[in-house]
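Quick notes on the structure that follows.
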Amino acid sequence: MAGGERGDFITGEEVLDRLDGLLDRAAEMKAGRPGVGAGVLTGRSVALVFEQPSTRTRVSLEVGVSELGGTPIVLPGDELQLTRGESIGDLGRVLSRYVDAIAFRSGSDDRLAELVAAAEVPVVNALTPRHHPCQTLADLLTLRERFGELDGLRVAFVGDGNNVARSLARLGGAAGLDVVVSSPPGFELEADAGAELVADPHEAVAGADAIYADVWLSMADEDAAAKRDALAPYRVDADLLAAASDRAIVLHCLPAHPGEEITADVLYGPRSLVFDQAENRLHAQKALLELLLG
Ligand code: CP
Ligand code: NVA
664 MAGGERGDFI TGEEVLDRLD GLLDRAAEMK AGRPGVGAGV LTGRSVALVF EQPSTRTRVS
724 LEVGVSELGG TPIVLPGDEL QLTRGESIGD LGRVLSRYVD AIAFRSGSDD RLAELVAAAE
784 VPVVNALTPR HHPCQTLADL LTLRERFGEL DGLRVAFVGD GNNVARSLAR LGGAAGLDVV
844 VSSPPGFELE ADAGAELVAD PHEAVAGADA IYADVWLSMA DEDAAAKRDA LAPYRVDADL
904 LAAASDRAIV LHCLPAHPGE EITADVLYGP RSLVFDQAEN RLHAQKALLE LLLG
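Have a look at this one:
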């Protein structure tokens, strides 16, 4: 496996050669929950370190480790000695003596890199400013459930060229999706991320099988009125959805701000799969943990 002998899951690319199998296994685990996979992590512990807020990632990892028979240890960053100056490297060295894997959410990709360099157990990226690969696994599972296969599906991400967009472009693109990212000037994804960049949102969603929205201001962002103003024409609403394929679904990684990046009628409407997508975080991450530790 690329990405280190420990099988770290930092950007998503580390599991690309096993992605189909991972998604198959996630589907099996979902169908056979909680029995399928139970016991895979018996006697193992996983530290879940969160330096930023989380609902879905934290709960789905905690439940997932438990259902696999392991012990999840949730560690809010502000309750650790990090707050008194202990280095992230020492955290990685110490946790490695206790647990079998670490999941880490941070407002800094550099801190994740420091943790990975010091840890002696696999590290899972639970969101950084640049990447959110666990989210993409759930997105791919959701798309596959609806459409049967990923190859050639057109997915239009509309909004800030952020961590969720980047992971979707890199991991989803490598998995066979045609990813289009539509962002205003100054907030685009880099050109080599693997997505087609289309500034006009209506043009971007033409023929799309899925429209994907995310918050305009990420946890790593300063509140910026200018950013909200720039993104205002990129709101996902009924008009934009009508410009997509007749079979198009709506995705959002959540948390959502109805009325801002997406209208409530679309978020809670019949084309929205956002709560299936949230549920799939659990199944996809269980399959990932089995792959890394099983
Ligand atoms: N989608 C997602 O990662 O949600 P949380 O921030 O609640 O974990
Ligand atoms: N882009 C968002 C995703 C939250 C799950 C953020 O980083 O805050």
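Letter by letter, the sequence shown follows residues 664 to 957 of the working numbering.
Positions of the beta carbon are idealized from the N, C-alpha and C atoms, including for glycine.
As the structure is a computational prediction, the values presented were derived from the model and not from experiment.
Would you kindly work out how many angstroms separate the C-alpha atoms of residue i and residue j, rounded to a whole number?
i, j, result
"Gly733", "Glu725", "9 Å"
"Glu691", "Ala819", "28 Å"
"Asp814", "Leu936", "19 Å"
"Ala837", "Ala887", "33 Å"
"Gly702", "Gly727", "12 Å"
"Cys916", "Gln798", "7 Å"
"Asn826", "Arg760", "31 Å"
"Ala889", "Lys693", "42 Å"
"Gly835", "Val843", "11 Å"
"Arg910", "Arg833", "24 Å"
"Tyr897", "Leu758", "42 Å"
Would you please state the rounded distance, in angstroms, between the beta carbons of residue i and residue j? I believe it to be under 8 Å.
i, j, result
"Val868", "Val821", "7 Å"
"Arg891", "Ala856", "Their Cβ separation, rounded to whole angstroms, is 23 Å, which puts Arg891 and Ala856 out of contact at 8 Å."
"Gly870", "Ser845", "The Cβ separation is near 13 Å, so there is no contact."
"Gly824", "Glu866", "The pair is not a contact, with the Cβ atoms about 16 Å apart (cut-off 8 Å)."
For residue i, which three-state DSSP category applies?
i, result
"Asp863", "coil"
"Ser708", "strand"
"Ala901", "helix"
"Ala665", "In this prediction, Ala665 has a pLDDT of 35, which is less than 50 and means its spatial position is unreliable; nothing more can be read from the coordinates."
"Ile736", "strand"
"Leu914", "strand"
"Pro896", "helix"
"Ser717", "coil"
"Asp886", "coil"
"Tyr875", "strand"
"Ile751", "helix"
"Ser830", "helix"
"Asp687", "helix"
"Ser935", "strand"
"Asn943", "helix"
Skipping 5 residues on each side, what residues in its chain have a beta carbon closer than 7 Å to that of residue i?
i, result
"Ala665", "Here the model assigns Ala665 a pLDDT of 35, short of 50, so the residue's position is not dependable, and the following value carries that caveat. Here the set comprises Glu676 and Glu677."
"Glu714", "Gly740, Arg768, Ser769 and Gly770"
"Ser723", "Arg944, Leu945 and Gln948"
Should residue i be listed as close to the ligand COA, given that the test is whether its C-beta is under 7 Å from any heavy atom?
i, result
"Ala690", "Because the ligand COA does not appear in the structure shown, any question about it cannot be addressed here, the ligands present being the ligand CP and the ligand NVA."
Apart from the five residues just before and just after residue i, which ones in its own chain have a Cβ nearer than 6 Å to its Cβ?
i, result
"Ala781", "Gly752, Gly755 and Arg756"
"Arg934", "Ile912 and Val913"
"Ala883", "Gly770 and Pro792"
"Gly695", "none"
"Ala730", "In the sequence as presented, Ala is not what sits at residue 730; that position holds Glu. Cβ within range, chain order: Pro697."
If I measure Cβ to Cβ from residue i and keep anything under 8 Å in the same chain, skipping five residues before and after, which residues do I get?
i, result
"Arg786", "The sequence given here has Val at residue 786, not Arg. Excluding positions up to five away in sequence, the list reads Arg669, Asp671, Phe672, Ile673, Gly755, Ala764, Ile765, Ala766, Phe767, Leu775, Leu778 and Val779."
"Leu685", "Val678, Leu800, Ala947, Ala950, Leu951 and Leu954"
Between the region 669-676 and the region 938-956, are three or more C-beta pairs nearer than 8 Å? yes
Are the region 853-863 and the region 792-812 in contact at 8 Å, needing three or more beta carbon pairs? no
Could you check whether the region 763-779 touches the region 692-709, counting it as contact only if at least three pairs of C-beta atoms, one from each stretch, sit closer than 8 Å? yes
Three Cβ pairs or more, each shorter than 8 Å: is that satisfied between the region 895-904 and the region 938-949? no
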